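Add 907 to a position in the sequence shown, counting from 1, and you land on the number used in the working numbering.
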Amino acid sequence: MPSAHTVVMVALLPITIKNRNIPQNRLDDQRQTNREMLNEVLRRVLQPLTFKQNPNAKSGYYNVLCADGNFRRCKPVLAACLADCPEYSDLHHLERHVCFWCECAKNELGDYVPSDKQHPRRDHNLYRTLSDANTKAADAELSARHVHRGFNVFRHIPCIVSNLPTPDLLHTMQIGMLDHLQKWIFHFMKTHERVDKYNAIWLSVPAYHDLTPKNTSYEEVSQWNGKEMKEMSRYLLGVVTQSLRGGSPAQRPIFNRAIECTRALLQTYMYARYKSHHDATLSYMEDALHRFHTFKDVFLLGRVSKKAKAKANALRTELVKKRKVDEESNAETWTPSKKRREMNAWRDFISHEIDVSKELDADFNFPKIHLMSHWVEQICHYRALQQYSAERHEQAHKTNLKDGWNTSNHNLNYLPQVITFQRRIVCFKI
Ligand SMILES: [Zn+2]
908 MPSAHTVVMV
918 ALLPITIKNR
928 NIPQNRLDDQ
938 RQTNREMLNE
948 VLRRVLQPLT
958 FKQNPNAKSG
968 YYNVLCADGN
978 FRRCKPVLAA
988 CLADCPEYSD
998 LHHLERHVCF
1008 WCECAKNELG
1018 DYVPSDKQHP
1028 RRDHNLYRTL
1038 SDANTKAADA
1048 ELSARHVHRG
1058 FNVFRHIPCI
1068 VSNLPTPDLL
1078 HTMQIGMLDH
1088 LQKWIFHFMK
1098 THERVDKYNA
1108 IWLSVPAYHD
1118 LTPKNTSYEE
1128 VSQWNGKEMK
1138 EMSRYLLGVV
1148 TQSLRGGSPA
1158 QRPIFNRAIE
1168 CTRALLQTYM
1178 YARYKSHHDA
1188 TLSYMEDALH
1198 RFHTFKDVFL
1208 LGRVSKKAKA
1218 KANALRTELV
1228 KKRKVDEESN
1238 AETWTPSKKR
1248 REMNAWRDFI
1258 SHEIDVSKEL
1268 DADFNFPKIH
1278 LMSHWVEQIC
1288 HYRALQQYSA
1298 ERHEQAHKTN
1308 LKDGWNTSNH
1318 NLNYLPQVIT
1328 FQRRIVCFKI
């Protein structure tokens, strides 16, 4: 397991403004400019790896000044990079919401992919050729593979570009899939009128060992961090199982599916955190992932987008109008009991139609659910996933940057102070 000292800051990359409320075409233009700027910055940072400043180093080996002041004959190769999904997309010139390891179609991201039937891997040499060709056919080929045209720095330095992204438990699971799972479960509890029970059981989780006592219910917490998610993964299944006890015979199969889905995803996460693996643990992880995909439809209504909700609301308004017309036209013939029966039938019909409309528009096609299908392959190649988790890097970000900023005088020339702090304090600690 690497320590935070394995991370050394070499450059601060520019952070662009999040333009959320501007038209889509301007947003696309701005994103294009941002990608180009990021590539230019990375080209300068990674210039020593391109060998251009060492024309004699055709073999790739040249004398490199090391941290202890000695020169060593080295062949520096970029082996990996660590980022969250949108950053990977920008770094590799890919469209947003796609897999950066394989060419899985956007509308198939939510499907289960067995580890021996993966989609074709991304071929960045082909993308470079197509991008350089600059023809309409090449552009069409690139957009079919969800790739942007243009210069990409990683295609010009010694590395295997499709191997650069590393599996990241922090972003994919802790603040990715587990966060989604919590939201789905809460939506499920709301739908089945179990929120009060869920909150009460949540608050009653005892402070056992290193579990912190709960002072707030799930819905009162506005944002969860990775550490809290890791802790929550230990008691979530118990809370869900207890909250869904009882219920009518019609509800039981649905509740059991929700419990099984929660169990399967948590098991996948627990297996992924193992520090060593063998064939049996990998097959257990694969089996848990398969079970999660089998049962996940029970949470489909928790995946309804804002657009689908708006469409369902429009449908509701239209059906309510029809109900009123029906009520007014039969006002004289219906007896009070007949009217009550008809209104109940209308209510059930509207609720059913809304659910069907939402289910038709909801799906599980988002990148993080798909990334889990690559883990068995990644573990076989690079061993336990824990060592790549961004937790260390987030911790290093605090010591390298935030502590430096806190000790600076916060003036305009704070950057040299941050860098000096990092060199003096952090290097002494190493
Ligand atoms: Zn993939």
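Ideal placement from N, C-alpha and C gives every residue a C-beta, glycine not left out.
Bear in mind the structure is a predicted one, so any value in this text is a computation, not a measurement.
Return yes when the Cβ of residue j is within less than 7 angstroms of the Cβ of residue i, no when it is not.
| i | j | result |
| --- | --- | --- |
| M1084 | K1275 | yes |
| H999 | E1010 | no |
| R1223 | I1166 | no |
| Y1176 | M1080 | yes |
| L1172 | L1088 | yes |
| E1264 | A1217 | Contrary to the premise, residue 1264 reads as Ser rather than Glu in this sequence. Not a contact, by the Cβ cut-off of 7 angstroms. |
| V893 | A918 | Missing from the structure shown is residue 893; the chain here goes from 908 to 1337 and no further. |
| R1180 | L1144 | no |
| V1005 | H1053 | yes |
| C1168 | K1203 | yes |
| H1031 | R1003 | no |
| L1207 | I1257 | no |
| Y1019 | H1281 | no |
| M916 | N1307 | yes |
| A1221 | D1268 | no |
| A1195 | Q1174 | yes |
| T923 | N946 | no |
| L989 | H1300 | yes |
| L1110 | S1129 | no |
| F1335 | T1314 | no |
| S1038 | E1284 | no |
| D1270 | G976 | no |
Residue i: beta carbon under 6 angstroms from a heavy atom of ligand 1?
| i | result |
| --- | --- |
| C1066 | no |
| W1282 | no |
| C973 | no |
| C1287 | no |
| C981 | no |
| C1011 | yes |
| C988 | no |
| C992 | no |
| C1006 | yes |
Does residue i pass the burial test, meaning 16 or more other C-beta atoms within 10 Å, or should it be called exposed?
| i | result |
| --- | --- |
| Y995 | buried |
| V1325 | buried |
| L1049 | buried |
| M944 | exposed |
| N1059 | buried |
| G1057 | exposed |
| S1155 | exposed |
| W1312 | exposed |
| R1331 | exposed |
| C981 | exposed |
| H1078 | buried |
| N1316 | exposed |
| P1074 | buried |
| R1055 | Note that residue 1055 is His in the sequence shown, not Arg. H1055 comes out buried. |
| S1140 | buried |
| L1076 | buried |
| G1133 | buried |
| L1118 | exposed |
| L1292 | buried |
| F1007 | buried |
| Y1115 | exposed |
| R1159 | exposed |
| I1092 | buried |
| C992 | buried |
| S1296 | buried |
| L1322 | exposed |
| L1001 | buried |
Does any heavy atom of ligand 3 sit closer than 6 angstroms to the C-beta of residue i?
| i | result |
| --- | --- |
| Q1293 | The ligand content of the structure shown is limited to ligand 1, which means ligand 3 is not among them. |
For the stretch 1021-1099, which segments carrying the beta strand (DSSP E) assignment without a break, of at least 3 residues, lie completely within its bounds, in sequence order?
Counting only runs of 3 or more, we get nothing.
Taking three-plus beta-carbon pairs below 8 angstroms as touching, is the stretch 1182-1196 in contact with the stretch 1242-1257?
By the Cβ rule, the stretch 1182-1196 does not count as touching the stretch 1242-1257, because fewer than three pairs are nearer than 8 angstroms.
Which parts of the stretch 1232-1304 are runs of the alpha helix (DSSP H), unbroken and 4 residues or longer, counting only runs that do not cross its ends?
Under the rule that a run must span 4 or more residues, the alpha helix (DSSP H) segments found entirely inside the stretch 1232-1304 read 1243-1268, 1274-1278, 1282-1289, 1298-1304.
Taking 8 angstroms as the cut-off, does the stretch 1146-1156 touch the stretch 1097-1113 (at least 3 CB pairs, one atom from each stretch)?
Taking 8 angstroms as the limit for Cβ pairs, the verdict is that the stretch 1146-1156 does touch the stretch 1097-1113.
Should the stretch 1069-1079 be called in touch with the stretch 1286-1303, which here means at least 3 C-beta pairs below 8 angstroms?
With the cut-off at 8 angstroms, the stretch 1069-1079 and the stretch 1286-1303 touch.
List in chain order: all unbroken alpha helix (DSSP H) runs of 4+ residues lying wholly within the stretch 1178-1237.
Runs of the alpha helix (DSSP H) spanning 4 or more residues and lying entirely within the stretch 1178-1237 occur at 1186-1202, 1213-1236, in chain order.
Those runs of the beta strand (DSSP E) which lie wholly inside the stretch 996-1025 and span at least 3 residues
If we require 3 residues or more, the stretch 996-1025 turns out to have no beta strand (DSSP E) run fully inside it.
Continuous alpha helix (DSSP H) assignments of at least 4 residues falling wholly in the stretch 926-989
Runs of the alpha helix (DSSP H) spanning 4 or more residues and lying entirely within the stretch 926-989 occur at 931-952, in chain order.
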